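Okay, so here's the structure we're looking at.
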Amino acid sequence: MADKTLNVICICGSLRRGSYNRMVMNALPGLAPANLKLTEAPPFADFPLYNADLQDKGIPPAVLTLAEAVRAADGVIFNSPEYNFSMPGGLKNAIDWVSRVPNQPFAGKPVALQSAANGTLGGGRMQYDLRRSMIFLDAMTLNKPEIFIGNCSQKIDAKTGQITDQQTVGFIKQQLEAFAKFIERFGGKY
Ligand SMILES: Cc1cc2nc3c(=O)[nH]c(=O)nc-3n(C[C@H](O)[C@H](O)[C@H](O)COP(=O)(O)O)c2cc1C
Numbered sequence: 002m003a004d005k006t007l008n009v010i011c012i013c014g015s016l017r018r019g020s021y022n023r024m025v026m027n028a029l030p031g032l033a034p035a036n037l038k039l040t041e042a043p044p045f046a047d048f049p050l051y052n053a054d055l056q057d058k059g060i061p062p063a064v065l066t067l068a069e070a071v072r073a074a075d076g077v078i079f080n081s082p083e084y085n086f087s088m089p090g091g092l093k094n095a096i097d098w099v100s101r102v103p104n105q106p107f108a109g110k111p112v113a114l115q116s117a118a119n120g121t122l123g124g125g126r127m128q129y130d131l132r133r134s135m136i137f138l139d140a141m142t143l144n145k146p147e148i149f150i151g152n153c154s155q156k157i158d159a160k161t162g163q164i165t166d167q168q169t170v171g172f173i174k175q176q177l178e179a180f181a182k183f184i185e186r187f188g189g190k191y
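Now the structure itself:
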């Protein structure tokens, strides 16, 4: 019997057009096992800064759209750079908003983390902060393999968007295989 298709959404933490993390995100469908269907999550670029007073007036429609996409997905992959040793403010703001939607959608959700950064640690410090936020939200974050793409401008061709470093390609394939198994094992069991 064919494996059930697992629908996974990818949230890119970088908003800039030439983002390396976006290039990695865009490469994922070509590296994923056949049963993993990857699509980009609805955007968060226009979310207002989180403010409980705004929330009291009604959660913005764009927040509800992302929240419902998270809820409907079998899993979520974050592709994010590291800003000042942590996650980008826009991404944190998006998570803060989504976390205020009733029956918050990250609870029990399988999550995987990937980061590309120009530093040698490849966004490791960002991942531990993101992982910590996911703990508070009761998400189920994959432990290993981890994807830290350090010195990313030397491993990704900015012109073509291709990941040129084959070791990185191999690590990503291994993580996506592990994530598919993780979702099959734990997804929907929360
Ligand atoms: C505000 C800001 C803070 C940054 N802080 C870090 C950092 O803490 N660690 C790091 O490795 N790179 C840092 N960088 C460099 C990023 O790794 C680099 O700009 C990367 O290309 C951003 O990802 P993107 O290409 O997906 O936008 C920072 C960049 C910016 C703009």
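Here the sequence shown stands for residues 2 to 191, numbered as in my numbering. Ideal Cβ placement from N, Cα and C applies to all residues, glycine included. Just so we're clear, the structure is a prediction, and the values are computed from it rather than from any experiment.
Three-state secondary structure (DSSP) of residue i
{"i": "Val-102", "result": "coil"}
{"i": "Lys-110", "result": "coil"}
{"i": "Thr-121", "result": "coil"}
{"i": "Ser-15", "result": "coil"}
{"i": "Lys-5", "result": "coil"}
{"i": "Ile-60", "result": "coil"}
{"i": "Leu-177", "result": "helix"}
{"i": "Glu-38", "result": "At residue 38 the sequence reads Lys, which differs from the Glu that was named. Looking at Lys-38 - three-state DSSP - the assignment turns out to be strand."}
{"i": "Thr-142", "result": "strand"}
{"i": "Asn-94", "result": "helix"}
{"i": "Asn-22", "result": "helix"}
Straight-line gap, residue i to residue j (C-alpha atoms, nearest Å)
{"i": "Ser-100", "j": "Pro-106", "result": "7 Å"}
{"i": "Tyr-51", "j": "Trp-98", "result": "6 Å"}
{"i": "Gly-76", "j": "Ser-154", "result": "28 Å"}
{"i": "Gly-189", "j": "Gly-109", "result": "7 Å"}
{"i": "Pro-30", "j": "Lys-38", "result": "7 Å"}
{"i": "Gly-124", "j": "Glu-83", "result": "5 Å"}
{"i": "Met-26", "j": "Cys-11", "result": "7 Å"}
{"i": "Ile-60", "j": "Phe-149", "result": "34 Å"}
{"i": "Arg-186", "j": "Arg-132", "result": "20 Å"}
{"i": "Ala-117", "j": "Gln-56", "result": "32 Å"}
{"i": "Arg-72", "j": "Gly-120", "result": "33 Å"}
Near ligand 1: residue i beta-carbon under 7 Å from a heavy atom
{"i": "Glu-41", "result": "no"}
{"i": "Asn-152", "result": "no"}
{"i": "Arg-101", "result": "no"}
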